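Trainee: Got a structure here, written out as structure tokens. Questions coming.
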Amino acid sequence: MDYVMYFAVGIILLFLVVKVLAWPIKILWKLIVNGVLGVVLLVVVNFLGGYLGFNIGINVWTALIAGFFGVPGVIFLLIFKFLL
Numbered sequence: 557m558d559y560v561m562y563f564a565v566g567i568i569l570l571f572l573v574v575k576v577l578a579w580p581i582k583i584l585w586k587l588i589v590n591g592v593l594g595v596v597l598l599v600v601v602n603f604l605g606g607y608l609g610f611n612i613g614i615n616v617w618t619a620l621i622a623g624f625f626g627v628p629g630v631i632f633l634l635i636f637k638f639l640l
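Sequential numbering from 557 applies to the sequence shown in this note's numbering.
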């Protein structure tokens, strides 16, 4: 009878450990996807803006903003460019 109880506690602990370890992976995955989308959008804006005479210079700072903040970061860069 004790073995059944140990088995149940072991399964519950295993479930909790997997749950705790899966949470940071989800956050990391969201950050990676957001960063890739931001950089791709920055390149697309520069490509399409080239036809209109408008571009955002791709340097370390704009790449970091687009990579870290994603789509909202690129929108911020566009607004910032229009205001200057």
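Just so you know, even glycine gets a beta-carbon here, dropped at the ideal spot from N, CA and C.
Model, not experiment: these values are computed from the prediction.
Apply the 10 Å Cβ neighbour rule to G626 and answer buried if 16 or more other Cβ atoms are within range, or exposed otherwise.
Mentor: Start at 1 with the first residue of the sequence shown, and residue 626 comes out as number 70. Buried, because 16 or more other Cβ atoms sit within 10 Å of the Cβ of G626.
Trainee: Quick check: the Cα distance between G609 and N590, rounded to an integer number of angstroms?
Mentor: Working through the sequence shown from its first residue, we reach residue 609 at position 53. Working through the sequence shown from its first residue, we reach residue 590 at position 34. Using only the alpha carbons, I get a separation of about 27 Å.
Trainee: With a cut-off of 8 Å, do at least 3 Cβ pairs link the region 591-598 to the region 557-565?
Mentor: no
Trainee: Which one of F624, F636, L633 has the shortest CA to CA distance from K586?
Mentor: Indexing the sequence shown from 1 puts residue 586 at position 30. Closest option to K586, Cα to Cα, is F624.
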